[in-house]
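Data block below; observations after.
There are 2 protein chains.
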Amino acid sequence: MAAFSFNKIVIFGVGLIGGSLARALRERAGATGEVVGVGRSIKSVERALELGLIDSAVSLEDDRAFELALRDADFVLVAAPVAQTEPLLRRIAPFLDARTILTDVGSTKNDVVAAARAALGDRVGQFVPGHPIAGRESSGPDAAIPDLYVDRNVVLCPLPENSPEVVERVADMWLATGASVHRMTAEQHDSVLASVSHLPHVLSFALVEMILQAPDAALKFSFAAGGFRDFTRIAASSPEMWRDVCIANRAALLTEIDAYTNVLARFRQAIETSDGAALEAAFERSRTARTEWQQGGAIKAADESAQ
Amino acid sequence: MAAFSFNKIVIFGVGLIGGSLARALRERAGATGEVVGVGRSIKSVERALELGLIDSAVSLEDDRAFELALRDADFVLVAAPVAQTEPLLRRIAPFLDARTILTDVGSTKNDVVAAARAALGDRVGQFVPGHPIAGRESSGPDAAIPDLYVDRNVVLCPLPENSPEVVERVADMWLATGASVHRMTAEQHDSVLASVSHLPHVLSFALVEMILQAPDAALKFSFAAGGFRDFTRIAASSPEMWRDVCIANRAALLTEIDAYTNVLARFRQAIETSDGAALEAAFERSRTARTEWQQGGAIKAADESAQ
Numbered sequence: 001m002a003a004f005s006f007n008k009i010v011i012f013g014v015g016l017i018g019g020s021l022a023r024a025l026r027e028r029a030g031a032t033g034e035v036v037g038v039g040r041s042i043k044s045v046e047r048a049l050e051l052g053l054i055d056s057a058v059s060l061e062d063d064r065a066f067e068l069a070l071r072d073a074d075f076v077l078v079a080a081p082v083a084q085t086e087p088l089l090r091r092i093a094p095f096l097d098a099r100t101i102l103t104d105v106g107s108t109k110n111d112v113v114a115a116a117r118a119a120l121g122d123r124v125g126q127f128v129p130g131h132p133i134a135g136r137e138s139s140g141p142d143a144a145i146p147d148l149y150v151d152r153n154v155v156l157c158p159l160p161e162n163s164p165e166v167v168e169r170v171a172d173m174w175l176a177t178g179a180s181v182h183r184m185t186a187e188q189h190d191s192v193l194a195s196v197s198h199l200p201h202v203l204s205f206a207l208v209e210m211i212l213q214a215p216d217a218a219l220k221f222s223f224a225a226g227g228f229r230d231f232t233r234i235a236a237s238s239p240e241m242w243r244d245v246c247i248a249n250r251a252a253l254l255t256e257i258d259a260y261t262n263v264l265a266r267f268r269q270a271i272e273t274s275d276g277a278a279l280e281a282a283f284e285r286s287r288t289a290r291t292e293w294q295q296g297g298a299i300k301a302a303d304e305s306a307q
Numbered sequence: 001m002a003a004f005s006f007n008k009i010v011i012f013g014v015g016l017i018g019g020s021l022a023r024a025l026r027e028r029a030g031a032t033g034e035v036v037g038v039g040r041s042i043k044s045v046e047r048a049l050e051l052g053l054i055d056s057a058v059s060l061e062d063d064r065a066f067e068l069a070l071r072d073a074d075f076v077l078v079a080a081p082v083a084q085t086e087p088l089l090r091r092i093a094p095f096l097d098a099r100t101i102l103t104d105v106g107s108t109k110n111d112v113v114a115a116a117r118a119a120l121g122d123r124v125g126q127f128v129p130g131h132p133i134a135g136r137e138s139s140g141p142d143a144a145i146p147d148l149y150v151d152r153n154v155v156l157c158p159l160p161e162n163s164p165e166v167v168e169r170v171a172d173m174w175l176a177t178g179a180s181v182h183r184m185t186a187e188q189h190d191s192v193l194a195s196v197s198h199l200p201h202v203l204s205f206a207l208v209e210m211i212l213q214a215p216d217a218a219l220k221f222s223f224a225a226g227g228f229r230d231f232t233r234i235a236a237s238s239p240e241m242w243r244d245v246c247i248a249n250r251a252a253l254l255t256e257i258d259a260y261t262n263v264l265a266r267f268r269q270a271i272e273t274s275d276g277a278a279l280e281a282a283f284e285r286s287r288t289a290r291t292e293w294q295q296g297g298a299i300k301a302a303d304e305s306a307q
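Chains as they are written, first to last, in the UniProt record's numbering: chain S, 1 to 307; chain E, 1 to 307.
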């Protein structure tokens, strides 16, 4: 485990993601600094305080407390919905210490970079865009766990304005949670995530939507079984969050939808012409790749348990 | 549990599906009749005999043993891959007792009905097409379990030529395994399954195929996480089986692919025009339907444990 220490970290949004980081730093990494939780109202951070995730709770509505919270902070973590990034950074900017490092956890990065440039101007070098690829089905401060980031990937998308030291500090913070840290451009990140995360969500929502439109939808749902269950698990995800992700990552997602539509049209053609050889070859390629991917995950999990 | 007894049942293909039926009848329903397992070679049924799933093992290659096995059978269950249905029924036909009831477990039904008509001619009334909607990730006789069918749906697609008594006997057999039994036409069955099972498999295979075609496929796979895992679990299914299902259920599957492509095009349009309201409304409908479906499953499971 990488050594990591801090004096004060300010977390905007102390739910599953922000709360788990707080727990990971204190319980896994043994860091002793002050953790300040900030919420849109004091009510929204009270539960995190009750649970001991944070040392103090501050409301965005309380200007004086908010200013004090930011004073001398080593880190500011923005763990609020992506659409709030720009207004939050604008609120933070006037009180931002020159030594404070900011980072975020948003699922899309091009839009976050644009928001950070707009809100922070020539101080954007203090902001390191980040995305921990981790989650659980439950949300909120009660869902926060210290091990959420163990063996998960965290992507950092450093800006040309970031100094190596600033990026290193953010990387060290995530390494201390048990995650592995990768660097890529915001464009690469958004393209990769569009492919392996955003597109599958859209496809899963679309299957349920299609069945709902059928006149015999109830009959169809009543005979859905395990394959449907797994395929549509992500269709129970937050509509607001996925609306925002789809729009924030529009360009990359449209590219992926078009590539997918082409593959599906090719499969359709093979089915229509009863081209069993083409279907079997494609299904075999998929099975092999999926199985290898899963085994890679299994090997990783085995390493973890040996630690 | 429905009372059910038999003197002799002959099972073609004693793997997960056929073997689990044998175990369910004996271990759950307490039926005491003889279970004969038939395989393409004696080797393929030896393991089922070792495991005690069957009382005797017969090879299709041994004409005399095969003829004896069919004599006085109450039931013949065809639990072999769908494409083998017609040749198997042709092999059975010359030795078929007038009192023997045949049924199958195929994932598609229109093609099975056509195969049965072609192979059995005017004795097709002895054949009741069926499909237990159950499975496990593992296969073969070692995977057979007595509880595979508990609280699962079994669909029967009776033919006009079936007498009510014949259909009732097959229904009683499945009820004795703990399943619930539903009747619909082969057309209805194939349409429903195309929608909630066959299409999701095609869509899942297509996502992996699309990523494989990307120049940065390895990078993409390395950042795939939980959503991808669930969505593509069924992309590790048997390529041969799904090739056959796609072709056997071609007409219904093409209809579903076209309906799906339309929904996806509508989603694409909403993303391209940043129509957040349309996206959120559709995602919300999907989440609600998916959540209700899941809860229905939970209620069913609760009923089971109360029995």
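Quick reminder that beta carbons are idealized off the backbone N, C-alpha and C, glycines included.
Residues that P239/S contacts on chain E, provided the C-beta gap is smaller than 7 Å: In the first sequence, counting from the first residue as 1, residue 239/S sits at position 239. Ordered by position in chain E, the residues that pass the 7 Å Cβ test against P239/S are E280, F283, E284 and R287.
Start-to-end residues for the beta strand (DSSP E) that takes in T255/E: Position 255 of the second sequence, counted from the first residue, corresponds to residue 255/E. Not the beta strand (DSSP E): T255/E falls in the alpha helix (DSSP H), residues R250 to E272.
I29/E, DSSP secondary structure in three states: Against the second sequence, residue 29/E aligns to sequence position 29. With the sequence shown as reference, residue 29/E is identified as Ala, and Ile is not the correct amino acid for it. Residue state, collapsed to three classes: coil.
Straight-line Cα distance separating L253/S from L212/E: The residue you call residue 212/E lines up with position 212 of the second sequence. The residue you call residue 253/S lines up with position 253 of the first sequence. About 17 Å.
Determine whether the beta carbon atoms of residue 312/E and G37/E lie at a separation below 8 Å. Since the displayed chain E opens at 1 and closes at 307, residue 312/E lies outside it and no answer follows.
CB E187/S to CB N110/S, shorter than 8 Å? Along the first sequence, one-based indexing puts residue 187/S at 187. Along the first sequence, one-based indexing puts residue 110/S at 110. In contact: E187/S and N110/S (Cβ atoms closer than 8 Å).
With distance defined between alpha-carbon atoms, name the residue in R233/E, V245/E and A281/E nearest to R243/S. Working through the first sequence from its first residue, we reach residue 243/S at position 243. Nearest option by C-alpha distance: A281/E.
Quick one: what does DSSP say N110/S is sitting in, helix, strand or coil? Here the question's residue 110/S lines up with position 110 in the first sequence. Correct three-state label for N110/S: helix.
Per-residue contacts from V112/E into chain S (C-beta, under 8 Å): Numbered from 1 along the second sequence, position 112 holds the residue referred to as residue 112/E. Those do not exist, as V112/E stays about 17 Å from chain S at its closest Cβ, beyond 8 Å.
Any Cβ of chain S within less than 8 Å of the Cβ of G227/E? On the second sequence, residue 227/E is found 227 positions in, with the first residue counted as 1. Taking Cβ atoms only, chain S reaches closer than 8 Å to G227/E, which makes this a yes.
For P132/S: DSSP bridge partner residues: As a working note, residue 132/S is residue 132 in the first sequence. In the DSSP assignment, the residues bridged to P132/S are V154/S.
Within 10 Å of its beta-carbon, does D258/S have 16 or more other beta-carbons around it, so buried, or fewer, so exposed? Translated into the one-based positions of the first sequence, residue 258/S becomes position 258. With fewer than 16 other Cβ atoms within 10 Å, it is exposed.
Give a yes or no on whether the minimum CB-CB distance between R290/E and chain S is below 8 Å. Your numbering for residue 290/E matches position 290 in the second sequence. At least one chain S Cβ lies under 8 Å of R290/E.
With C-beta atoms as the reference, is E86/E less than 8 Å away from A118/E? Walking along the second sequence from the start, residue 86/E turns up at place 86. Walking along the second sequence from the start, residue 118/E turns up at place 118. Yes, the pair counts as a contact, with Cβ atoms nearer than the cut-off.
Would you call E256/E buried or exposed, if buried means 16 or more other Cβ atoms sit within 10 Å of its Cβ? Working through the second sequence from its first residue, we reach residue 256/E at position 256. Buried, since its Cβ has 16 or more Cβ neighbours within 10 Å.
Given A217/S, which residues of its chain have a CB within under 7 Å of its CB, disregarding the five upstream and five downstream residues? Taking the first sequence and counting its residues from 1, one reaches residue 217/S at position 217. Hits under 7 Å: I211.
Which one of D72/E, S107/E and M241/E has the shortest CA to CA distance from F223/S? Stepping through the first sequence from its first residue, residue 223/S is reached at position 223. Comparing Cα positions, the closest option is S107/E.
The alpha helix (DSSP H) enclosing F228/S, as first and last residue numbers: Translated into the one-based positions of the first sequence, residue 228/S becomes position 228. It spans G226 to F231 - the alpha helix (DSSP H) in which F228/S sits, taken as one unbroken run.
Taking just the CA atoms, how far does A31/S sit from A171/S? For the purposes of this step, residue 171/S is taken as residue 171 along the first sequence, with counting starting at 1. For the purposes of this step, residue 31/S is taken as residue 31 along the first sequence, with counting starting at 1. So the two alpha carbons sit approximately 15 Å from each other.
From L156/E to V128/E, what distance separates their C-alpha atoms? Mapped onto the second sequence, residue 156/E falls at position 156. Mapped onto the second sequence, residue 128/E falls at position 128. Note on geometry: alpha-carbon atoms of L156/E and V128/E lie some 7 Å from one another.
Starting from the beta carbon of K220/S, find every residue of chain E whose beta carbon is closer than 7 Å, and list them in chain order. Within the first sequence, numbered from 1, the residue matching residue 220/S stands at position 220. Per Cβ cutoff of 7 Å: V192, S195 and V196.
If we ignore side chains and look at the alpha-carbon of each, how far apart do residue 388/S and I101/S end up? A question about residue 388/S goes unanswered here, because the residues of chain S that appear run from 1 up to 307.
Would you say G15/S faces chain E, with C-beta separation under 8 Å as the test? To locate residue 15/S, count along the first sequence from 1; it is residue 15. No, no contact with chain E.
Just reading off the beta strand (DSSP E) that F221/E is part of, what are its end residues? Numbered from 1 along the second sequence, position 221 holds the residue referred to as residue 221/E. Per DSSP, F221/E belongs to no beta strand (DSSP E); it is in the alpha helix (DSSP H), A217 to S222.
Interface partners of V181/S on chain E, CB under 9 Å: Taking the first sequence and counting its residues from 1, the one referred to as residue 181/S is at position 181. Result: empty, since nearest Cβ-Cβ is about 12 Å, beyond 9 Å.
For the putative contact between D74/S and I17/S, defined by C-beta atoms under 8 Å, what is the C-beta separation to the nearest angstrom? As a working note, residue 74/S is residue 74 in the first sequence. As a working note, residue 17/S is residue 17 in the first sequence. In fact, because the Cβ distance is near 19 Å, the residues do not count as touching under 8 Å.
Among R71/S, L219/S, L21/S and E292/S, the one whose alpha carbon lies nearest that of I145/S: As a working note, residue 145/S is residue 145 in the first sequence. The option with the nearest alpha carbon to I145/S is L21/S.
Quick one: what does DSSP say V105/E is sitting in, helix, strand or coil? Along the second sequence, read from residue 1 onward, the residue named residue 105/E stands at position 105. Reduced to three states, the DSSP call for V105/E is coil.
Would you kindly work out how many angstroms separate the C-alpha atoms of T232/E and L70/S, rounded to a whole number? By one-based count along the second sequence, residue 232/E stands at place 232. By one-based count along the first sequence, residue 70/S stands at place 70. Cα to Cα, the separation comes out at about 44 Å.
Using beta carbons (cut-off 8 Å, strictly below), is P164/E in contact with chain S? Your numbering for residue 164/E matches position 164 in the second sequence. No, no contact with chain S.
In terms of alpha-carbon separation, which member of A176/S, S56/S, V166/S and S44/S lies closest to D142/S? As a working mapping, residue 142/S is identified with position 142 in the first sequence. Answer by Cα proximity: S44/S.
When the Cα atoms are used, what is the spatial distance from F228/S to L88/S? Counting from 1 along the first sequence, the entry for residue 228/S is found at position 228. Counting from 1 along the first sequence, the entry for residue 88/S is found at position 88. The alpha-carbon atoms of F228/S and L88/S are separated by roughly 39 Å.
What separation, rounded to the nearest whole angstrom, lies between the Cα atoms of L53/S and Q126/S? Position 53 of the first sequence holds residue 53/S. Position 126 of the first sequence holds residue 126/S. Rounded to whole angstroms, L53/S to Q126/S spans 25 Å at the Cα level.
Please check if any C-beta of chain E sits within less than 8 Å of the C-beta of A214/S. Counting from 1 along the first sequence, the entry for residue 214/S is found at position 214. Closer than 8 Å: yes.
Hey, is C157/S's beta-carbon within less than 8 Å of any beta-carbon in chain E? Within the first sequence, numbered from 1, the residue matching residue 157/S stands at position 157. No, C157/S does not count as interfacial toward chain E.
Are the C-beta of S107/S and some C-beta of chain A separated by less than 8 Å? Although the question refers to chain A, the structure presented lacks it and instead comprises the protein chains S and E.
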